[in-house]
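Protein chains in written order, with our numbering: chain A, 10 to 252; chain B, -2 to 155.
Okay, structure first, notes after.
If you want it as structure tokens, here you go:
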């Protein structure tokens, strides 16, 4: 009985070792595909071995990619509100890694047609699921790392408001007031878009929509700084002292 | 008479009998101070409450002052460094970098979509031989020898 169990156990063990080794080299080149073509010319067994090896390596690399994304995601310092979003994304990455494990188990017993079907399935699954998830994780990372910019811009706006109010005590400053009003609108618009991006993550909206909101929020913030520069120029002409 | 004899005579010194009698009466007639009245106690308590309150308020004020809670107040001098072009430039540059990163993320998504579309075309033609499909997958990356995971899967599916 024990001897009957040995081959499958050995297969599982060797399979995990091979998978780990396969993930060691995740730079896949066109010459790897050339090797499969060359093996096909040597016979079916050689082609099958080459296909299994490259498919195992490719799926193992896909899993390593998901693991790397999850490590980066968990390394982000986020507020309590954002931990929910991060946990959702991390769970979905776990699902992806489980899927890759299931597909890897199939490769060992597959023939040439089987490896082609597995490759087709994994390719389609990535197109429908994983690539969107990876894009959303990249968006979330970008969004988290942008949050300090919004806090800095708000603090900057408050300081500029106090300067304009002080200068207006000496007389009306129409240009300053106009630029300040524009900056206030732009900072508020940026914050609104930023909140919309947060909600987009919570609602799992498509990554391109989330990214568009992030881009719009950052663009509004950049425009607000242009107004700050305009205010700076006016203040320097009004005051003889260097700010 | 030497000094020692003079000091001995000091023992015989006595007060004037009339002064002694007056002093005794004054001492016997002394009445202890009346116990504290309620009104006086209330005043003192009120005063101590005011003292404690003022001390707490003053401490709180200094704590807020140190922690910068009045940074937006009109009582704090205006900080002209807020319109310093150099610091403004540094912050604006940080935003521009994030915008560029967002555009890079967008470009990567666009590339992935292109690869998926190309894959769809290849998979849609089952008559193509394996070698042709592999060459086609390879052909999309002629500029660089490295291929993506999707491209490898695309090639292996044929």
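Yeah, the Cβ is synthetic: ideal placement off N, Cα and C, and Gly gets one too.
Just so it is clear, the structure is predicted and the values come from calculations on it, not from any experiment.
Backbone secondary structure at residue i - three-state DSSP
i             : result
residue 124/A : helix
residue 143/B : strand
7 Å Cβ cutoff, residue i in contact with chain A
i             : result
residue 79/B  : yes
residue 57/B  : no
residue 46/B  : no
residue 92/B  : yes
residue 83/B  : no
residue 97/B  : no
residue 50/B  : no
residue 151/B : yes
residue 89/B  : yes
Residues near residue i by beta carbon distance below 8 Å, same chain, minus five either side
i             : result
residue 124/A : 57, 60, 61, 64, 116
residue 1/B   : none
residue 82/A  : 95, 98, 99, 102, 146, 149, 150
residue 93/A  : 211
residue 71/A  : 109, 131, 135, 139
Short Cβ contact (7 Å threshold) for residue i with residue j
i             : j             : result
residue 205/A : residue 185/A : no
residue 42/A  : residue 75/A  : no
residue 89/B  : residue 109/A : no
residue 173/A : residue 189/A : yes
residue 240/A : residue 169/A : yes
residue 244/A : residue 60/B  : no
residue 142/B : residue 38/A  : yes
residue 85/B  : residue 238/A : yes
residue 94/B  : residue 230/A : no
Same chain only: Cβ atoms within 6 Å of residue i, ignoring 5 sequence neighbours per side
i            : result
residue 48/A : 55, 56, 59
Proximity test, Cβ basis, 7 Å: residue i and chain B
i             : result
residue 161/A : yes
residue 197/A : no
residue 208/A : no
residue 76/A  : no
residue 71/A  : yes
residue 94/A  : no
residue 128/A : yes
residue 178/A : no
residue 168/A : yes
Close-in-space but distant-in-sequence residues of the same chain around residue i (CB under 7 Å, 5 per side omitted)
i             : result
residue 153/A : 85, 87, 91
Quick test of the definition: if touching needs 3 or more C-beta pairs under 8 Å, does the region 190 to 202 of chain A touch the region 155 to 166 of chain A?
yes
Pair every Cβ in the region 47 to 67 of chain A with every Cβ in the region 109 to 124 of chain A, then say whether three or more of these pairs are closer than 8 Å.
yes
Could you tell me whether the region 148 to 155 of chain B touches the region 128 to 138 of chain A, using the rule of 3 or more Cβ pairs below 8 Å?
Judged by Cβ distances under 8 Å, the region 148 to 155 of chain B makes contact with the region 128 to 138 of chain A, as three or more pairs qualify.
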